[in-house]
Amino acid sequence: MDLAAYATANLPRYTSYPTAPHFVPLAADDHARALGRIGAGDALSLYMHVPFCHALCWYCGCHTTVTRSDERIERYALALLAEAKLLHAALPAAHGPVTQLALGGGTPSALGAQRLAGVVRHLKRLFPFAPGAELSVELDPRTLTQDVVDALAEAGFNRASLGLQDANPEVQEKMGRIQPVE
Ligand code: SF4
256 MDLAAYATAN
266 LPRYTSYPTA
276 PHFVPLAADD
286 HARALGRIGA
296 GDALSLYMHV
306 PFCHALCWYC
316 GCHTTVTRSD
326 ERIERYALAL
336 LAEAKLLHAA
346 LPAAHGPVTQ
356 LALGGGTPSA
366 LGAQRLAGVV
376 RHLKRLFPFA
386 PGAELSVELD
396 PRTLTQDVVD
406 ALAEAGFNRA
416 SLGLQDANPE
426 VQEKMGRIQP
436 VE
C-alpha cells in the first residue's frame, strides 16, 4: 500500500538530468559561454537525439513523434549534420577528443542504416575520437534490422540499450508496446 501511494506521486522523470524543475530560460549567449568554458584537452561527450518512432508507447515521456515520412527524416538528418558543424565551429580549438557519443530518442535506428553511418562519419570527420571511445545507442528491438546492426558495428558502436520495459504480454498490451520474445 505504501508503494502504491508512492507510485501516484508527481515526480520529475528520472531520464532527464538535471530534472525539469531545474530547467531555467537560457540567455542568448549562455550556450556559447558554456562551450567557451571547455578547456584545452577536455574530453567531449556528444549526444544526438532522433525524435522519431514507428508508433508511440502509451507510457512514453520522451521527446519524440511518430513519422513514416522518409523526406522528413532526411531533412532531420541534414539538420543534424548542419548542427554538428555549428558546434564544431563554436568549440574552443584546443578541446580534447570525443570519449563518448550517445544516440538516443525516440528511436535512433529510424534514421536507417545509411544515414546513421553517414552521420557518424560526419562527426568523426569534424571531431577527433579517442581510441576506445564509448559509442552507445538506444535500440527498439521491434524495428531493428540487420543492416542497422551492421552499420552500427561498422561505425564502432560498442554499447546498446535494447528497450524492453516489460516481458509480460498482459503488461505489454496495457502499455501499448507489444513485443513477443520471438
Ligand atoms: S519506442 Fe521508445 S521513444 Fe518511442 S514511444 Fe516507445 S518508449 Fe518512447
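Heads up: the sequence shown begins at 256 in our numbering, then just goes up one per residue.
Idealized CB from N, CA, C, for every residue including glycine.
Please read all numbers here as calculations on a predicted model, not as lab measurements.
**Request:** Work out the CA separation of Ala388 and Arg414 for me, nearest whole Å.
**Result:** 10 Å
**Item:** Distance, Tyr272 Cα to Tyr261 Cα
**Value:** 21 Å
**Request:** Using only alpha-carbon positions, find the residue among Arg397, Val426, Leu299 that is nearest to Leu390.
**Result:** Leu299
**Asked** Taking contact to mean at least 3 C-beta pairs separated by less than 8 Å, is the region 306 to 323 in contact with the region 344 to 357?
**Response** no
**Prompt:** By Cβ distance, which residues of its chain are closer than 7 Å to Thr319, with the 5 residues on each side in sequence left out?
**Reply:** Pro306, Phe307, Cys308, Gly360, Gly361
**Asked** Should Leu311 be counted as a contact of the ligand SF4 given a C-beta to heavy atom distance under 6 Å?
**Response** yes
**Prompt:** Taking just the CA atoms, how far does Leu346 sit from Leu290?
**Reply:** 6 Å
**Request:** Out of Ser324, Leu336, Met430, Leu301, point me to the one whose CA is closest to Gly373's CA.
**Result:** Leu336
**Item:** Pro386 to Asp402 span [Cα, whole Å]
**Value:** 25 Å
**Item:** Close beta carbons around Glu425, own chain, < 7 Å, minus the five adjacent residues each side
**Value:** none
**Asked** Which residues share a DSSP beta bridge with Ala357?
**Response** Tyr302, Ser391
**Asked** What do you reckon, is the C-beta of Gly359 under 6 Å from a heavy atom of the ligand SF4?
**Response** no
**Message:** Pairs of beta-carbons, one from the region 394 to 408 and one from the region 362 to 370, closer than 8 Å: are there three or more?
**Reply:** yes
**Prompt:** Can the beta-carbon of His350 be found closer than 7 Å to that of Asp284?
**Reply:** no
**Three-state secondary structure (DSSP) of Val321** = strand
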